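A.B. asks: Just passing along the structure, written as structure tokens.
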Amino acid sequence: ESDQVSVKLALDWYPNSNHLGLFIAEEKGYFAEENLVVNMYTPVDPSTVLQTVGAGSDDFGISYQPELLMARAQGVPVVSIAGMVQHPLNSVVALASSGITRPADLKGKKVGYAGLPTGESLLDTMLKYDGLVGLGDVELVNVGFDLAPVLISGTVDAVVGAYWTHETILLENAGYPVVVLRLEEWGVPDYYELVMVASEDKLAQDPQVVERFLRAVRRGYADALADPQAGVDVLLRSAQGEEVDVAIERPGADLLKPVWKTSKADFGEQDSSRWQSFADWMHDNGLLAEEMDASKAFTSQFEDSK
Amino acid sequence: MNAEAAESSIQPAIQVQGVSKSFMQSGTPLAVLKGVDFYASDGELVSVIGPSGCGKSTLLNIIAGLDQPSEGSISLNGRVEERRLGEVGYMQQRDLLMPWRSVLDNAIIGLELQGVSKSEAHARARALLEEFGLTGFENEYPHALSGGMRQRAAFLRTVLADQEVFLLDEPFGALDALTRSQIQEWLLGMWRRVQKTIVLVTHDVDEAIFLSDRVYVMSSRPGRMKLVQVIDLARPRHAEMVTQPRFVELKAQLLASVRSEVTDV
Amino acid sequence: MNAEAAESSIQPAIQVQGVSKSFMQSGTPLAVLKGVDFYASDGELVSVIGPSGCGKSTLLNIIAGLDQPSEGSISLNGRVEERRLGEVGYMQQRDLLMPWRSVLDNAIIGLELQGVSKSEAHARARALLEEFGLTGFENEYPHALSGGMRQRAAFLRTVLADQEVFLLDEPFGALDALTRSQIQEWLLGMWRRVQKTIVLVTHDVDEAIFLSDRVYVMSSRPGRMKLVQVIDLARPRHAEMVTQPRFVELKAQLLASVRSEVTDV
Amino acid sequence: MSSNRPRVGVLGMIKGFSFSWLPSLLIILALLALWEGYVRIFDVQKWLLPSPVVIAATLVESAALLSRHAWVTLVEVLVGFGLALASGVALASMIAFSRTLERAIYPFVIASQTIPIIAVAPLLLIWIGYGLAPKVIVVALIAFFPIVVNMVDGLKSADPDMVSLMRTLGANRRDIFMKVQFPSSLPFLFSGTKIAMTFSVIGAVIGEWVGSSAGLGYLMIRSKPQFLTERVFAAIVVLSAMGILLFLFVGLVERLVIPWWHTERRKRALENSG
Amino acid sequence: MSSNRPRVGVLGMIKGFSFSWLPSLLIILALLALWEGYVRIFDVQKWLLPSPVVIAATLVESAALLSRHAWVTLVEVLVGFGLALASGVALASMIAFSRTLERAIYPFVIASQTIPIIAVAPLLLIWIGYGLAPKVIVVALIAFFPIVVNMVDGLKSADPDMVSLMRTLGANRRDIFMKVQFPSSLPFLFSGTKIAMTFSVIGAVIGEWVGSSAGLGYLMIRSKPQFLTERVFAAIVVLSAMGILLFLFVGLVERLVIPWWHTERRKRALENSG
Ligand SMILES: Nc1ncnc2c1ncn2[C@@H]1O[C@H](COP(=O)(O)OP(=O)(O)OP(=O)(O)O)[C@@H](O)[C@H]1O
Ligand SMILES: Nc1ncnc2c1ncn2[C@@H]1O[C@H](COP(=O)(O)OP(=O)(O)OP(=O)(O)O)[C@@H](O)[C@H]1O
Ligand SMILES: [Mg+2]
Ligand SMILES: [Mg+2]
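What follows is the structure, encoded as structure tokens:
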């Protein structure tokens, strides 16, 4: 029992179906079996996760692959230890009634985004891929993080930055059928939307704790894969369950199931060529000032330990 | 005009009849005035003296229309007037100069309210600066003035507003003896020229006698008029008169009446 | 003690020598006092009269230590004192009652500063309420008081602070004739009992004569002492004296001196 | 006459409730009716702008949820405000005490207000974690500013003649501060405190963004992306009510602490009303 | 004596710069040195907390970028503040004018402050689009509150005897307002304005989080996920400088508009300094 370790985990966002495995591991005692006490919390500004993990005040965090690469470019010593999903969740979303079916249809339209450079580059690549000149063909509008309302209200014709496992459900539930343009289908290199991160120090000093943590997490997601809806039930039973919207998380869990684990990859697995090609794409688009060796940005060292 | 006018058939400029007034103080009513009768004929100069707290300022407040009596009535020129504000000029005990206005601008506030143009108003005020001993201070803010100067400035403001009736609540309280006697003589001169009705509250018996046609003596609170003394000194009056026998006699009489009051106000 | 004491060899309680003072007003220096010589012997009651704005309050400010002279020196009991604050009791022209303190608490502020316990201070203040005509008002805030009451409260505060020397700047300015003569007699009584030195600024010549051992007359600005008149009336004095021949004679003399001043202050 | 009305303030508001709040109530009802009508006629979706009826229903249904979170926020507000009051008064006293201190401190006080808290959020998270502390600090940071500025102006508003009087009575700097400057500053301080109290509420909401798992701010942030706009509005209603009640409470305290400030005006007003 | 120091304020600050700002400068330099030392000794990474030297370098390198964005923010601040001042003074006047209006309006004024702007910002975007307007509105919403509260208290601080005087001179309500209440309120108004001016800066930053393509707030939001922390801090420095300068500017205007408020204190102070 002296072995018991308490760790802090910063979530990327409020508890939702992306976190089912974590809540299952908590409720079913998988963490406890590894002698871990996991404190989960949600910082409101997701970009703080990489800093608090990098500085060691949090042990683990959930962040995004593009952000992780940008952080490393600035010297933040963070490393991805697991791909939480195998594909981008980010997407371009438009109302079905708009008639937009492909990036080229966005020509001359207003596109809302969160005001971040990544969104600009993603859109640019998709537009070019579909034969347009690029960003110059659309009017970009910084709408902050509330993407769905501006879409419905007609403030913009499409948004980039919405998750096809979340905002889309929200919109459909509200009575607005939508069209989703997946990034990886329109020229953006495939990447891992959400990644579990730890600091370089942590990996060097405490690999056992990382290993124990990931083992429990993997067991959690294995259960979630077996029965996503049971996982949602676990989430609803948790301390913050009352604020969870079942109408979104139930379909969300079903949508996520195929990206937690694909025919090619198990949960958490990461592929170095995908990391590198995405890093190259970021460099090409000016998101990284210098070329980067992406192999240092992630580690597969914990994958075999099942 | 002098004392006889009061007895004439002309309606008095101010007629106060059976006025009582009480205030709530810490929850209990405090009777301040009790059946006050008072008048001032047109063009008359009347003084009111009485112990501190007997309700002199309260009486003037009521005449000016700032306050309404609990009982009794006030008539101006024979008409009972409910709304008397703006009808009579009133110089209160505090100088009430506005700290954000220069002396000159403080003086012309009444004219401004009457719609007189600023340049015209300034001109009229400047013409009186000398007389009020304010030359050279017209552009200062009030805080730069001595106590006496402040009171003179307030007096100038009242005079400029130019109403038919003036109520003056201890207007010379803060004046030195010299300026005081000058202003007194000046007041008499002005009063003779323009035939204003003046009600003066003062605590200086010499001043009351020197200036007035009649002097009212009030009792301590609740205030009533306990004595009216007609001042039968000849006019025009001169500063030297204060040491003359008739003056000294009147003074002794009034002082005796005042002294007979109980003192715990 | 009376006028002869001034000539004795004992060091005067207050000695002002060659004091000049000027202020900057709108950028140019304004000479307010010019070579003022003045003294008050131990236990003497001295009055200062003079035109408004001649620098009477400025002189008291300097004696009290609120201000330093531009030239000249001030000695207390024969020692030249640079730091005179807290040495003399000073009642200023404005009553300066604190709106957040009751009358009683305003009165005891000096005792509070001397470290006297609150209950003891209250007891001492209560003992004097009657004499100052403030009974029943001790727990009111100042705004509920009439002008005269406010000044009496301020006077009570000064008296309670109980220093050897009192400077009184027109302390009776807002008092009615009745209270005024009562307070004057009370002041004389207290002064006789406790042998304080009192310097009184007033604009009431009667008052100056009635109370004082000597009266200083100041010139208009820049203020100098232009006359010192020893008041040789017998003590104890009575209110009736003001109509006696010697009194009237002294009054005529002082008024003449005051009137000879130029007036455009 | 407007300026002669008794300044009866909060106490009077409460006492004379039945009559005096009528206009306010009527306006509120009219506005709500307009809003309801607008939403119904133009068929505005409830996730875009919920109607008053829907919000009211949510308030009732989610009463337990809301009050649980409201309690958390209230604690943050009160603790943070208390800290702001203490530090604000202390800072203002230092600033008013010496010109040198004023020059040294005031720029920092002002600068502290121009730093967007969200930008230093990671530092806060690293330095003090995500418990009660960061919220309290955010509240205090936002609330202390109006207190300092008003109090400094108030301390400087002391009547210089009254200060002279104290000096002639032998008062030292401390006496003058305690017995003249401080009481003089109270009316100003209360103006600032009213503002600060209201800002404390918004401060707690912002604080909850830094990282939290409870509180009305948390609930809002959480409900927004779920399109539970009616819950966001319900939380806003609770926050507003909290802000108004706290504001009124400060007004009440003001009347108790500086009665002279009010009676001075009221007495005269009664006298003048005739 | 602290309270007798001349209240020379901004003008004096500027005139007496060389000497009087020395303490402030020394403190700032000391703090910066401490900070630099801390960062160097503990080898704190610049993505977490950049050192003053790094920030200074960024300020120089990115001067053009920063000033372009600062200009945008300044315009939002000034326009929003102007709107807040106008509407704040108007609202306060209505509130002080009639008790009924006070009861009807004041609750809304308070309520408006407890609504977390970030929660309604998206609605603002939908309702009024994404130009200058929403930022100006956010600034105005934040800034008008201290103005209203202080101005209301100021209007009520008018000397009731002075009001009586005006009435005896036949003044109507408007006259009394314009010639007594309004001037009396100015010292209070300026206290509020100083707070409002500072809050305007943070208001503009918040406004820029939604729907902007320029401004220091926008620059910060963009730089943060790129972990350009030194640029974020450089933007904060510029924002602070802007806030302090605007605060000092209001102080300067105060001295020009209500000179009597200052000279009243200064004259006495000179007199007492001896
Ligand atoms: N608004 C008020 N509310 C309660 N009491 C009041 C009010 N105004 C005056 N009083 C009381 O009424 C009494 C008379 O006051 P007033 O000011 O009329 O006296 P006064 O004769 O003018 O005294 P003084 O000569 O000292 O000026 C005093 O006891 C005072 O406390
Ligand atoms: N702090 C100051 N700055 C500039 N001028 C001043 C200052 N204090 C007083 N004065 C000027 O000095 C002169 C004398 O003022 P002081 O108050 O001493 O007169 P006083 O004799 O007491 O007058 P009064 O009898 O009217 O009270 C006045 O002209 C006044 O304007
Ligand atoms: Mg009176
Ligand atoms: Mg004087």
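Protein chains in written order, with the working numbering: chain A, 610 to 915; chain B, -3 to 261; chain C, -3 to 261; chain D, 93 to 366; chain E, 93 to 366. Cβ coordinates follow ideal geometry from the N, Cα and C atoms, glycine included. The structure displayed is predicted, hence computed values, not measured ones.
#1: Could you tell me if E776 (chain A) is buried or exposed, where buried requires 16 or more neighbouring beta carbons within 10 angstroms of its beta carbon?
#2: Let's see if you can read the secondary structure: which residues bound the alpha helix (DSSP H) around D621 (chain A)?
#3: Output the boundary residues of the beta strand (DSSP E) element that contains N648 (chain A).
#4: Closer than 7 Å, CB to CB, is R259 (chain E) near chain B or not?
#5: Starting from the beta carbon of Q817 (chain A), find every residue of chain E whose beta carbon is closer than 9 Å, and list them in chain order.
#6: Verify the CB distance criterion: does A306 (chain E) have a CB-CB separation below 7 Å to chain B?
#7: Helix, strand or coil: how does DSSP classify A41 (chain D) here?
#8: Going by the beta-carbon positions, is the gap between V759 (chain A) and G728 (chain A) smaller than 7 Å?
#9: So is L177 (chain E) buried or exposed if we call it buried at 16+ other beta carbons inside 10 Å?
#10: If you drop the 5 nearest sequence neighbours on each side, which residues of the same chain put their C-beta closer than 6 Å to that of L348 (chain E)?
#11: Taking the alpha-carbon positions, what's the L51 (chain D) to M186 (chain E) distance?
#12: Find the nearest neighbour of Q262 (chain B) within the set B:E67, B:G51 and B:I179, judged by alpha-carbon distance.
#13: For a contact defined as C-beta to C-beta under 8 Å, what are the partners of T290 (chain D) on chain E?
#14: Taking Cβ-Cβ distances shorter than 9 Å, what residues in chain D pair up with P142 (chain E)?
#15: Exposed or buried, which one is T290 (chain D) when buried takes at least 16 other CB atoms within 10 Å?
#16: Strictly under 7 Å for the Cβ-Cβ distance: is F134 (chain E) near chain A by that measure?
#17: With DSSP as the reference, label D893 (chain A) as helix, strand or coil.
#18: For H199 (chain B), count the other beta carbons within 10 Å of its own beta carbon; 16 or more makes it buried, fewer makes it exposed. Which is it?
#19: For D245 (chain E), which option in E:I234, E:V255 and E:F282 has the closest C-alpha, if you only look at C-alpha atoms?
#20: According to DSSP, what are the bridge partners of L749 (chain A)?
#21: When every heavy atom of ligand 3 is checked, does at least one fall within less than 6 Å of the C-beta of K17 (chain B)?
#22: Is any heavy atom in ligand 3 found nearer than 6 Å to the beta carbon of S215 (chain B)?
#23: Using a cut-off of 7 Å between C-beta atoms, extract the partners of P214 (chain D) located in chain A.
#24: List the DSSP bridge partners of Q225 (chain B).
#25: Do K52 (chain C) and ligand 4 come close, with the Cβ less than 6 Å from some heavy atom?
#26: Whole beta strand (DSSP E) runs in the stretch 133 to 219 of chain B with 3 or more residues, listed along the chain?
#27: Does the Cβ of K359 (chain D) have 16 or more other Cβ atoms within 10 Å, making it buried, or fewer, making it exposed?
#28: Just checking: is the beta-carbon of P686 (chain A) within a distance shorter than 7 Å of some beta-carbon in chain D?
#29: For a test of your reading of the model: does the CB of V244 (chain C) fall under 6 Å from any non-hydrogen atom of ligand 1? Yes or no.
#30: Within 10 Å of its beta-carbon, does I220 (chain E) have 16 or more other beta-carbons around it, so buried, or fewer, so exposed?
#31: In angstroms with no decimal places, state the Cα-to-Cα distance between G665 (chain A) and V658 (chain A).
#32: When every heavy atom of ligand 1 is checked, does at least one fall within less than 6 Å of the C-beta of G61 (chain B)?
#33: For the stretch 67 to 122 of chain B, list the alpha helix (DSSP H) runs that are entirely contained and at least 4 residues long, ordered along the chain.
#34: Below 7 Å CB to CB, which residues in the same chain sit around Q205 (chain E) once its five sequence neighbours on both sides are set aside?
#35: Would you kindly report the start and end of the unbroken beta strand (DSSP E) that includes F19 (chain B)?
#36: Measuring from the CB of G129 (chain B), is there a heavy atom of ligand 4 at a distance below 6 Å?
C.D. replies: A quick look at the data gives this:
#1: As a working note, residue 776 (chain A) is residue 167 in the first sequence. Per the 10 Å Cβ criterion, buried.
#2: Along the first sequence, one-based indexing puts residue 621 (chain A) at 12. Segment: none, D621 (chain A) is in no alpha helix (DSSP H) and carries neither H nor E.
#3: To locate residue 648 (chain A), count along the first sequence from 1; it is residue 39. Start and end: L645 to Y650.
#4: To locate residue 259 (chain E), count along the fifth sequence from 1; it is residue 167. It does: the Cβ of R259 (chain E) has a partner Cβ on chain B nearer than 7 Å.
#5: The residue given as residue 817 (chain A) occupies position 208 in the first sequence. Result: empty, since nearest Cβ-Cβ is about 26 Å, beyond 9 Å.
#6: Sequence index remark: in the fifth sequence, residue 306 (chain E) carries index 214 (1-based). Answer no: the Cβ-Cβ gap between A306 (chain E) and chain B never drops below 7 Å.
#7: With chain D represented from 93 up to 366, any question about residue 41 (chain D) goes unanswered, as that position is not in the structure.
#8: In the first sequence, the residue the question calls residue 759 (chain A) occupies position 150. In the first sequence, the residue the question calls residue 728 (chain A) occupies position 119. Not closer than 7 Å, so no.
#9: Here residue 177 (chain E) is taken as the residue at index 85 of the fifth sequence, counted from 1. Result: buried.
#10: Here residue 348 (chain E) refers to the residue found at position 256 of the fifth sequence. Answer for L348 (chain E): no residue qualifies.
#11: With chain D covering 93 to 366 only, the question about residue 51 (chain D) has no answer from this structure.
#12: There is simply no residue 262 (chain B) to check, as chain B begins at -3 and stops at 261 in what is shown.
#13: Stepping through the fourth sequence from its first residue, residue 290 (chain D) is reached at position 198. In chain order: I202, Q205, T206 and F237.
#14: As a first step, residue 142 (chain E) is located in the fifth sequence; it is residue number 50 there, counting from the start. The premise fails here: P142 (chain E) is roughly 11 Å from chain D at the closest Cβ pair, so nothing lies under 9 Å.
#15: Translated into the one-based positions of the fourth sequence, residue 290 (chain D) becomes position 198. Result: buried.
#16: Here residue 134 (chain E) is taken as the residue at index 42 of the fifth sequence, counted from 1. F134 (chain E) does not count as touching chain A.
#17: Taking the first residue of the first sequence as 1, we reach residue 893 (chain A) at position 284. DSSP places D893 (chain A) in helix when its eight states are reduced to three.
#18: Residue mapping note: residue 199 (chain B) aligns to position 203 of the second sequence, counting from 1. It is buried - the Cβ of H199 (chain B) has at least 16 other Cβ atoms within 10 Å.
#19: Sequence index remark: in the fifth sequence, residue 245 (chain E) carries index 153 (1-based). D245 (chain E) has its Cα closest to that of E:F282, out of E:I234, E:V255 and E:F282.
#20: On the first sequence, residue 749 (chain A) is found 140 positions in, with the first residue counted as 1. DSSP output for L749 (chain A) lists A:V720 as bridge partner(s).
#21: Reading the second sequence from its first residue, position 21 is the one you call residue 17 (chain B). No, the beta carbon of K17 (chain B) sits no closer than 6 Å to any heavy atom of ligand 3.
#22: Along the second sequence, read from residue 1 onward, the residue named residue 215 (chain B) stands at position 219. No; taking the cut-off as 6 Å, the Cβ of S215 (chain B) has no heavy atom of ligand 3 nearer than that.
#23: One-based indexing of the fourth sequence puts residue 214 (chain D) at position 122. Near P214 (chain D) (Cβ distances below 7 Å), the residues of chain A are T657, Q660 and T661.
#24: Position 229 of the second sequence, counted from the first residue, corresponds to residue 225 (chain B). Bridge partners of Q225 (chain B): B:V211.
#25: Within the third sequence, numbered from 1, the residue matching residue 52 (chain C) stands at position 56. Checking the Cβ of K52 (chain C) against ligand 4 gives yes.
#26: 161 to 165, 193 to 197 and 210 to 214
#27: Translated into positions along the fourth sequence, residue 359 (chain D) becomes position 267. At K359 (chain D), the pLDDT of 47 sits below 50, so the modelled position is not reliable; the number obtained from the coordinates is stated separately. Counting Cβ neighbours within 10 Å, K359 (chain D) comes out buried, since at least 16 surround it.
#28: Indexing the first sequence from 1 puts residue 686 (chain A) at position 77. No, no contact with chain D.
#29: For the purposes of this step, residue 244 (chain C) is taken as the residue at position 248 of the third sequence. No, Cβ of V244 (chain C) sits at least 6 Å from all heavy atoms of ligand 1.
#30: Translated into the one-based positions of the fifth sequence, residue 220 (chain E) becomes position 128. Exposed is the call here.
#31: Locating residue 665 (chain A) in the first sequence gives position 56, counting from the first residue. Locating residue 658 (chain A) in the first sequence gives position 49, counting from the first residue. Roughly 11 Å between the two C-alpha positions.
#32: Counting from one through the second sequence, the residue named residue 61 (chain B) turns up at place 65. No - ligand 1 has no heavy atom lying nearer than 6 Å to the Cβ of G61 (chain B).
#33: 99 to 103 and 105 to 109
#34: Taking the fifth sequence and counting its residues from 1, one reaches residue 205 (chain E) at position 113. Closer than 7 Å at Cβ, skipping near neighbours: F237.
#35: Within the second sequence, the letter at position 23 stands for residue 19 (chain B). Segment I10 to Q21, the beta strand (DSSP E) holding F19 (chain B).
#36: Within the second sequence, the letter at position 133 stands for residue 129 (chain B). The answer is no for G129 (chain B).
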